[in-house]
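Chemist: There's a structure below that I have some questions on.
In my numbering, the protein residues as written are 52 to 214.
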């Protein structure tokens, strides 16, 4: 079987490529929220490219800046199952955000179908029918280290908390 999809070199490459998606152009008052540690490289690239605020959401909800009337963009490195994302979306609805978007390089079709019913937009590059895990779409899928997160968050002035 021939793979018609491209592989990402790593999460930063995926974030850079995803940030070029035209749907980011019309987002007003954007704030990028990394849904997981592994979403930080994706989110940092999107925030940097579009001058959005950026929060490492995975650390704890209480640290998130005021979201009222903002366009919240949840990022992660891939979505196999919609459960974590849906839980976060419900929480965001209570924060009176203007819009909720989910941005991920790769997403399982079933998760896409579920998520797109409850958000304003899902921005993605691939939704392959044969999807088993996000890691299969990356050449380097090693864990995101505290050092890498610290480096990515530096421009946004957020210290890393050890995990």
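Glycine included, each C-beta is placed from N, C-alpha and C at the ideal position.
As the structure is a prediction and not an experimental result, all values here were calculated from the model.
(1) How long is the line joining the alpha carbons of residue 139 and residue 90, rounded to whole angstroms?
(2) Just checking, does the stretch 114–132 make contact with the stretch 151–162 on the three C-beta pairs under 8 Å criterion?
(3) Are residue 149 and residue 121 closer than 8 Å when you measure CB to CB?
(4) Which stretch, first to last residue, makes up the beta strand (DSSP E) that contains residue 98?
(5) Could you tell me the distance, in whole angstroms, from the CA atom of residue 118 to the CA atom of residue 78?
(6) Cα separation between residue 203 and residue 180?
(7) Considering only residues of the same chain and omitting the five flanking positions on each side of residue 87, which have a CB-CB separation below 8 Å?
(8) From the DSSP output, in three-state form, read off residue 109 for me.
(9) Taking the beta strand (DSSP E) that residue 154 falls in, what are its first and last residues?
Modeler: Per the coordinate set shown:
(1) Rounded to the nearest angstrom, the gap between the Cα atoms of residue 139 and residue 90 is 14 Å.
(2) Taking 8 Å as the limit for Cβ pairs, the verdict is that the stretch 151–162 does touch the stretch 114–132.
(3) yes
(4) Run containing residue 98: none in the beta strand (DSSP E); it sits in the alpha helix (DSSP H), 91–101.
(5) 14 Å
(6) 32 Å
(7) Counting only Cβ-Cβ distances below 8 Å, and skipping sequence neighbours, we find 109, 127, 128 and 135.
(8) helix
(9) That run of the beta strand (DSSP E) goes 150–157.
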